[in-house]
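Going left to right, the sequence shown walks through residues 519 to 1150 as this note's numbering numbers them.
So the structure is just underneath, and the comments pick up after that.
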Amino acid sequence: MIKEEFLERTIDSTARKSLEKADQDRIETVWDRLESQEPQCGYGLLGICCRNCAMGPCRIDPFGNNPTRGVCGADADTLVARNLARMIAAGAAAHSDHGRDIVEVLHLTALGKTSGYQITDEEKLKRIAGEYGINVDGRVKEEIAKELAEKAMDEYGMRKNTLQFAERAPEKRKEIWKNLGIWPRSIDREIVEIMHRTTMGVDADFVNILLQGLRVSLSDGWGGSMIATEFSDILFGTPTPKESFVNLGVLKEDTVNIIVHGHNPLMSEMVVDASRDAEIIKLAKQKGATGITLAGICCTANEILMRKGIPVAGNFLIQELAITTGAVDAMVVDYQCIMPSLVPIADCYQTKLITTSPKAKIKGATHIEFDPERAYEIGKEIVKEAIEAYGNRNPDRVNIPNHPVKMMAGFSAEAILGALGGTVQPLIDAIVAGKIRGIAAIVGCNNPKIKQDYGHVTLAKRLIENNVLVIQTGCSAIATGKAGLLVPEAADQAGEGLKEIANALGVPPILHMGSCVDISRILTVAAVIAKELNVDISDLPVAGAAPEWMTEKAVAIGAYVVASGIFTVLGPIPPVLGSANVTGLLTQGLGDVVGATFAVEPDPEKAAELIIKHIDEKRKALGLTTPPTGAS
Ligand code: SF4
Ligand code: MSK
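Have a look at this one:
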């Protein structure tokens, strides 16, 4: 019998078993640490504290009593807007810096200065080069890639003053951005400007601050993230639908088990290739293993799942539990969403925790630094470390929860269009006919404040029951994968119309579109549909949701999704309630400005109702009749 408290922490049955084991082994987890932090600071939760200068730290009374202003005179509106803008800037920086690393490696690859990388999708290279106005005729792919990478590098600086991919948006959307003065000029510039504007004594107009927050978010969604996605496709291949497996049961007792965790595919792709090297497999067998099992966690998992079909061990809240299985010989991390707590847990199970990025070292971990010029050799070195660690594994401490779940992923924009016969028209026809009521993007993290995966899975189920096609990325997609919803058979749980479409195409009713930066794929598809209909994105029966979000990156994503015209429902409440003005702007005022707003609804059942109501209103405005609802 699993303890009641563990049943309350997660709906993932393999996580529940591992929580039991962690408890027996006296391992402290993220849930334990959340408990020890409670009650959390009320000022922080409301967003009304500031430590942006040494006259502070300052806080503002949430009930309107003294103090109503910080030492410098900044009021609650300014504090909340500044704090939110800084969250957006940090999130945009993370996504965009990831994109920058990809651009640099594409450039080095074009110059012949990398090991292990090649230009895999030449067709996409030429298509993207065409978007950037680069002549491709009669030129070899390396020449084109070099010029394209250099043009992208310009978008991080201040000479170009515009972002090419923002041109993908429909005309009406572009007009809105231009009229509001939030057209993104460059990636780094917008982030730096947020930091400037929010330092002591600069921007004290909450509307002005938040508009710059939207601009920096657009430089992420239509800039850094989109570059990360598209340039990764050029290097590693554009994803196509493929089957794989998910949950902790993908680990195996008799193989060397390696988990890759983080976000950027540059290192993990090399670890994948190295783990398939005949000489390396032979080495693993010499040590008594039957082979090498590679699995992923978080968005690095999604990157190599989408392109290579590598199984997924779990999403964000699984990272500690994976090690407590006692079966992980090495966990290889790059950056973002990696808990520093992994070091003491890895120590308990003789797991090698290997950091690879100079930007993300963790004290106590083994650091094997990524170097694009020796990337494949480093990949082999890492796998050899794992093989060595396999020899130290204590079989008495191994307990892998079994029964991995089948899942399907790989739905890039190109793959979706391919499945539809090369055009979005069949999708539009299905929406017009009411077979598909609308489209909802469910994205984002796990957050220990919410029962793990409950928000994602419940919301997704309710939406597909009501004929809403669900598209997903990030840890959210892994959640529904674990729940068995990312297989074509899950269409049986959808409403009649969606079921008919999914069955006809042989796809799940929920499409896994990739990692967090791949939300840019969702923007691309939304733009294509809007252009086809000659409307704005905000006119479409589409919505977004982040039922268990946690990172600053998720705040940046929410901001660019809303700024792109898509109504978005958040589960956890962002730290804005300390300002009625900022809260009002985000939940109502933005509707008049960018045609979309945020809503906050922690209950996924109610969030589904909000999304369906929104979709029906948009359908009505487009003159489409609302279809019948209900599961088949
Ligand atoms: Fe206080 Fe103003 Fe300094 Fe913030 S910037 S810490 S509100 S004095
Ligand atoms: S990994 S950003 S916990 S989705 Fe992209 Fe998951 Fe959120 Fe990290």
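Glycine included, every Cβ here is placed at the ideal spot set by N, Cα and C.
Just to confirm the assignment, what range does the beta strand (DSSP E) spanning residue i have?
i, result
"serine 762", "760 to 764"
"threonine 811", "810 to 815"
"methionine 926", "923 to 927"
"isoleucine 989", "986 to 990"
"isoleucine 957", "956 to 960"
Give me the Cβ distance between residue i and residue j, rounded to the nearest whole Å; I'm assuming they're in contact under 8 Å.
i, j, result
"aspartate 1057", "lysine 1136", "7 Å"
"isoleucine 752", "lysine 642", "5 Å"
"tyrosine 853", "asparagine 782", "7 Å"
"isoleucine 1129", "alanine 1061", "4 Å"
"leucine 1041", "serine 994", "Leucine 1041 to serine 994, Cβ: 16 Å. No contact."
"lysine 644", "isoleucine 662", "7 Å"
"glutamine 970", "histidine 1030", "Not a contact, Cβ separation roughly 18 Å."
"threonine 811", "threonine 773", "4 Å"
"alanine 628", "lysine 678", "Not quite, the Cβ-Cβ distance comes to about 20 Å (not below 8 Å), so this is no contact."
"glutamine 1089", "proline 1065", "Here residue 1089 turns out to be glycine, not glutamine, going by the sequence shown. That pair is a contact at about 4 Å."
"leucine 766", "glycine 832", "6 Å"
"alanine 848", "isoleucine 872", "6 Å"
Cβ of residue i versus every heavy atom of ligand 2: is any distance shorter than 7 Å?
i, result
"glutamine 854", "yes"
"threonine 1086", "no"
"threonine 998", "no"
"lysine 979", "no"
"threonine 1069", "yes"
"serine 750", "no"
"asparagine 833", "yes"
"histidine 781", "yes"
"alanine 1072", "yes"
"glycine 1062", "no"
"glycine 814", "no"
"glycine 928", "no"
"serine 1033", "yes"
"glycine 962", "yes"
Residue i: buried (16+ other C-beta within 10 angstroms of its C-beta) or exposed?
i, result
"histidine 613", "buried"
"leucine 977", "buried"
"histidine 974", "buried"
"isoleucine 520", "exposed"
"methionine 788", "buried"
"glycine 1148", "Because the pLDDT of glycine 1148 is 49, which lies under 50, any placement of that residue in the model is unreliable, and the question is left without a value."
"arginine 911", "buried"
"leucine 1016", "buried"
"cysteine 568", "buried"
"lysine 881", "exposed"
"phenylalanine 834", "buried"
"glycine 1032", "buried"
"leucine 564", "buried"
"serine 797", "The question names serine, but residue 797 is glutamate in the sequence shown. Glutamate 797 is exposed by the Cβ-count criterion."
"cysteine 559", "exposed"
"histidine 714", "exposed"
Is it the case that the CB of residue i approaches a heavy atom of ligand 1 more closely than 7 Å?
i, result
"cysteine 559", "no"
"glycine 562", "no"
"cysteine 568", "yes"
"cysteine 866", "no"
"glycine 588", "yes"
"glycine 574", "yes"
"alanine 1126", "no"
"methionine 676", "no"
"leucine 597", "yes"
"methionine 605", "no"
"cysteine 993", "no"
"methionine 718", "yes"
"alanine 592", "yes"
"cysteine 571", "yes"
What are the boundary residues of the alpha helix (DSSP H) that includes residue i?
i, result
"alanine 540", "531 to 542"
"alanine 1061", "Element bounds for alanine 1061: not the alpha helix (DSSP H) but the beta strand (DSSP E), 1060 to 1064."
"threonine 1069", "Segment: none, threonine 1069 is in no alpha helix (DSSP H) and carries neither H nor E."
"methionine 718", "Run containing methionine 718: none; DSSP gives neither H nor E here."
"phenylalanine 1085", "That residue, phenylalanine 1085, is in no alpha helix (DSSP H); its beta strand (DSSP E) goes 1085 to 1088."
"isoleucine 900", "893 to 908"
"histidine 779", "Where histidine 779 is concerned, there is no enclosing alpha helix (DSSP H), although the beta strand (DSSP E) it sits in stretches over 774 to 780."
"threonine 596", "594 to 628"
For a cutoff of 8 Å on Cβ pairs, would you count residue i as touching chain D?
i, result
"glycine 827", "No chain D is part of this structure, which consists of one protein chain only."
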